[in-house]
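Notes for the one structure printed next.
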Amino acid sequence: MFHSFHRLRSCLFVLMLACGGLATGQIQAQEPAIDSVLIGFDGKVVLGRWVPFTVVMNRQVAATSLQVETLDGDAVPIRFDHDVQITGRGEFGDRNPDHFAGLIRLGRASGITIRLLDTTGGEVETRRFSLDELRESHSFLPGTTKLTLFPLGTPSSSTTKDDVTPEFDRHLSDETATVGRQSLPTHWIGYDSVRTMVITHQSREPTQAEREAIGQWVKLGGRLLITGGNSFDDDFNQNVLDDLSPGEFQQNVSVADTGSIELFATINEQLVRADGPALPVTVIRPGPDRRVQGRADEHPLIVHWSHGFGKVTFVSVDFSSEPMLSWEGRRRLLTLAVEDTGVVLSADSSTAQSGRVSHLGFTDIVGQLRAGMDQFKRVSFVTFTLVALLVGLFILAIGPGDFFFLRKVTGRMELTWITFTLICLAFCGLAWLLATQMKSSSIEVNQVEIVDVDTTTNTVRGNLWAHIYSPDTSTFDVRLPGDNRLFGKLNEGWLSWQGLPGQGLGSMQSRADLGLYRDPVSYTHLTLP
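Under the numbering used here, residues 19 to 547 are what the sequence shown spells out, in order.
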């Protein structure tokens, strides 16, 4: 009996171990496939702008489409649909075999929901990232932020962000983003939040798709700053810059006589001293359409040229190395280099705005545009004065008016039950009549278009803003036309909501949640057919 009981207890123990091992295996198998999400550049997310995002995976999943749900500028839930694009394996280590990349446009600092779907539309994996979770590695910036992007390779142990971006952010933008191992967008609209891109000798060699996207971004209005130095060579000029090259690379030289640079920057301090290092200068032969500004000895110092609607500047010296790094006129020279790109450099430029903004909290001309486009010709808004007048008349009618009418005219005060009802019906009918007569019964559209034409590169760029008025609470399927009567077929177009910068009511930085709409609006922001 004792041996039988002992064998039974041993069997139960083995069975419990097996069940525990099975449960452990099930728990491990249920580990979330979505590990994390990376939004923007270096965690910098500019609200109201298209920014890249990357979904980092723990394991492979059989997904063919991806949905990202967040909020637009009016706190309305929106959903972006993407076809799943596997951008690489092993880039984030062995634990993350895949990652999915796309573009998104956030209107509010809020959490996001990511869904991976299969071919039938069923959910393969879903994960919600709260705002507190995102704030640990991301910062949400106003829509008017000017972002400067430094696309770098993997930093070495002796290279830090402070080493490669000193003082650039002071002169180029309000915010600086240094991108190392993160993949760059392969579509030009992914650089929508970037004001200026800085290419240095430490920039990594982009892929062909990234190079084409950067070139298209500059062509459509981007600004690029290129710096020279000892590491600038012909391979860098061809493989990294491609058609954005400042000209034919000649050689790298060391200049000891920097009097022309000091004179150009109007600085009395000597750049190269007798006991100090010489100044490395990249010598190029500028193209015929390049404009040279300043000289380093006999070599071009700054070269400006236009690329479509964008502008490119090349500076033949390296601002992050000696003797330029410790020179007093370094900031002045950098300012002269970027001034031609149209970047505002004044210390008080943030306060140099027009004082005619009529909407409190709005810091951009978009606020004025929205206010004007909300005025429809056949739609009149009920003013507060009219509402107050009607309320006052109603109070007088049901109070003193009704009392004196019944006492002086009818002499029967009990008729107030009838007269009160008639007065209420009359004012309700008046309100209904005013509401129907002051608004249009048809759909109204206000539209503003700006079209730029570059005859040199035969490039056309257009922006369209539209406000839609509907007499009824309805939903619409809004699409961009594939062509127009002026230029024919369009290559591509991006349609989305309009964000309002600032902290006023309805703006992207407003903390007020109107809570009017809870059903998400779906966007498919791919190119036109």
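Backbone N, C-alpha and C fix where the C-beta goes; we use that ideal spot for every residue, glycine too.
Judged by DSSP in its simplified three-state form, G139 adopts coil rather than helix or strand. Within the DSSP secondary-structure output, L242 pairs in a beta bridge with M215 and V330. Taken through DSSP and simplified to helix, strand or coil, E287 comes out as coil. Per DSSP, the unbroken beta strand (DSSP E) holding A314 starts and ends at R309 to A314.
Taken through DSSP and simplified to helix, strand or coil, Q386 comes out as helix. Shortest Cα-Cα distance from D251 to any of G265, W323 and L451 involves G265. For A195, the enclosing beta strand (DSSP E) begins and ends at E193 to V197. Checking the DSSP bridge columns, you'll see H100 partnered with L84. An exposed status is given to Q256, since fewer than 16 other beta-carbon atoms sit within 10 Å of its beta-carbon. The shortest C-alpha to C-alpha distance from A355 to any of L159, E462, Q85 and T245 is the one to T245. Spatial neighbours of D501 in its own chain (CB-CB distance under 8 Å, excluding positions within 5 residues in sequence) are listed in chain order as K507 and L508. The C-alpha of T491 is placed about 34 Å away from the C-alpha of D136. When rounded, the separation of the alpha-carbon atoms in V74 and F118 is 7 Å.
The region 405-412 makes contact with the region 439-458: 3 or more CB pairs, one atom from each, lie closer than 8 Å. Under the three-state reduction of DSSP, W68 is assigned to strand. The secondary-structure analysis by DSSP pairs D470 across a beta bridge with R479. For the pair R291 and L242, the Cα-to-Cα distance works out to about 31 Å.
In the three-state reduction of the DSSP assignment, V258 falls in the helix class, which pools H, G and I.
R126 is classed as buried because its beta carbon has at least 16 other beta carbons within 10 Å across all chains shown. Looking only at V333, P295 and G277, the smallest Cα-Cα distance to R303 is reached by V333.
Remark: C-beta atoms of I130 and T88 approach each other more closely than 8 Å. S128 and G161 have their C-alpha atoms roughly 15 Å apart.
DSSP, read as helix, strand or coil, puts T300 in strand.
When C-alpha distances from T196 are compared across T401, T166 and S148, the shortest belongs to T166. Put simply, the region 230-241 does not touch the region 272-288. Fewer than three CB pairs are less than 8 Å apart. Residue N248 holds the alpha-carbon nearest to the alpha-carbon of T218 among N248, D99 and V397. The residues N464 and H485, in chain order, have a CB closer than 6 Å to that of M391 in the same chain once the five nearest residues on each side in sequence are set aside. Residue range Q226 to K237 is occupied by the alpha helix (DSSP H) that includes I232.
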